[in-house]
Amino acid sequence: MKPKLFESLQTQGRQFSEQRQAYEQLRQKVEHPFLKRYVQMGVKEGLFSDVVGALGRMHDTLVQSAWPELIGRNIITVRPTTETMERFPLDVGAVAYKYAEGAVTRLSGKKVSTVDIYTDQLAESSDEWTREYLEDATWNVMDNAIEKIGLALGQNETEKILALYAGIAAGDLASGAELAGGGAVLSWSGLLKLHHAVRSENWRPNILAVNEMQLHQLLNDDKFVHAQYLPSGQTDLEQGAVTSVLGMKVQPSTLVPNGTAYAIDTRVASVMLLRRDVTTEDWEDVKSGKYGVRATTRFGIGVLRSNAVARMTNIKTTLT
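Below, the structure written as structure tokens:
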């Protein structure tokens with residue numbers, strides 16, 4: 202063996218040995234049961250495992266559960282705030298008054314109205330586990346728990362935002378009424394009705410919120426799959442998705458009621474005020490041998506311009 206190669210291998214061996222000693226010392230210093238388990242498993246399974254493909258982390262052997270698409274913050278304007286209440290003045294157009302012949306036309310603004318939105322909604326989710334569960338788990342318990350409670354909060358937010366749009370009175374929607382789906386599948390014609398309803402109020406819809414069933418009804422429409430039609434350019438057949446149509450970004454989720462579709466101009470339709478964004482805290486109860494994490498968020502939501510929302514109901518709830 203060449204001298205320089207031998208010296209290089211010797212140096213690498215010493216560095217690896219020193220690194221291993223450092224991790225062993227860290228493992229001994231850790232007192233918190235969860236962190237001790239984390240370090241032990243991370244060192245054992247990640248750094249010094251003989252298993253091919255060890256990547257310096259614990260092996261994830263947990264089969265994930267299914268979650269709906271959490272589209273909540275994609276279908277509403279989100280703004281941070283430090284106030285318990287925010288007041289939004291709603292601008293109005295000017296009014297022209299015509300006087301007698303030969304006189305000038307005077308322009309006068311209408312009285313500005315306001316909408317108050319309170320950040321009084323609190324959402325909370327938590328998870329806990331025992332020391333025995335932690336000792337037996339071969340996956341990262343903390344990361345998995347934080348991911349689950351984060352998804353739970355996201356689902357709660359999406360449900361509340363959809364309930365906000367569902368609660369708008371039919372007479373206050375774009376075009377002054379709900380659009381009738383007629384018991385037919387959602388098609389290019391239905392999308393034109395939704396888009397036109399918002400445009401007729403001089404707003405410009407940028408979001409189309411639909412159930413997964415309505416998305417697949419569109420994928421079953423020739424105009425979204427055949428290359429000779431322009432809408433097909435926004436269809437990703439490999440992913441089974443329609444990205445956008447008529448300037449509206451398509452947001453599908455099973456949380457949207459099957460048979461209902463929304464066209465929304467999120468710039469003016471509504472707002473979500475975040476007083477406290479998602480915050481996580483860990484806790485432990487040594488007496489009972491339990492550990493856990495808790496996540497909370499504090500926010501408020503409200504409608505600003507209800508006529509920037511078009512809602513279509515009575516769409517067919519099956520594929521064909």
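The sequence shown lines up with residues 202 to 521 when you count with my numbering.
No residue lacks a Cβ here, since even glycine has one placed at the ideal position from N, Cα and C.
Since residue i and residue j should fall inside the 8 Å C-beta cutoff, what is the C-beta to C-beta distance between them, to a whole number of angstroms?
i	j	result
V451	L416	7 Å
L352	W484	About 20 Å; that fails the 8 Å criterion.
T320	R476	4 Å
H396	M449	7 Å
Residues in its own chain within less than 7 Å of residue i by CB, not counting five upstream and five downstream?
i	result
S314	L291
T518	M414, N459, G460
G383	N515
T282	T320, L474, L475, R476
Nearest-angstrom Cα distance between residue i and residue j?
i	j	result
W486	E402	What sits at residue 486 in the sequence shown is Asp, not Trp. Taking the straight line from one Cα to the other gives about 57 Å.
S445	Q435	6 Å
G501	E336	40 Å
T359	E413	15 Å
E329	Y492	5 Å
A346	S326	10 Å
Q322	L271	18 Å
N341	A462	39 Å
S388	Y366	22 Å
N275	K488	43 Å
D423	L456	26 Å
G503	I318	6 Å
G441	V411	14 Å
M527	D437	Summary: the structure shown does not reach residue 527, with the chain confined to residues 202 through 521, and so no result is reported for it.
G372	E333	58 Å
Given residue i, which residues of its chain have a CB within under 8 Å of its CB, disregarding the five upstream and five downstream residues?
i	result
L374	A398, S507, N508, V510, A511, R512
A381	M513, T514, N515
V479	G351, L354, A496, T497, T498
N421	V386, L520, T521
L505	F289, L291, V316, V469, A470, S471, V472
Using a 10 Å radius around the Cβ and a threshold of 16 neighbouring Cβ atoms, would you call residue i buried or exposed?
i	result
E482	exposed
S454	buried
P406	buried
V293	exposed
G377	exposed
Please work out which residues of its chain come closer than 6 Å, Cβ to Cβ, to residue i, disregarding the five sequence neighbours upstream and downstream, and give them in chain order.
i	result
T278	T467, V472
H394	Note on residue identity: the sequence assigns Lys, not His, to residue 394. Excluding sequence neighbours, K394 sits near L380.
A324	L354, N357, T498
G391	none
Is the distance from the Cβ of residue i to the Cβ of residue j below 7 Å?
i	j	result
V443	L419	yes
A364	L409	no
Q273	I369	The identity of residue 273 in the sequence shown is Gly, whereas the question assumes Gln. Not in contact: G273 and I369 (Cβ atoms no closer than 7 Å).
Quick one: does the C-beta of residue i sit closer than 6 Å to a heavy atom of the ligand PLP?
i	result
A496	Looking at this structure, you won't find the ligand PLP or any other ligand, since it has none at all.
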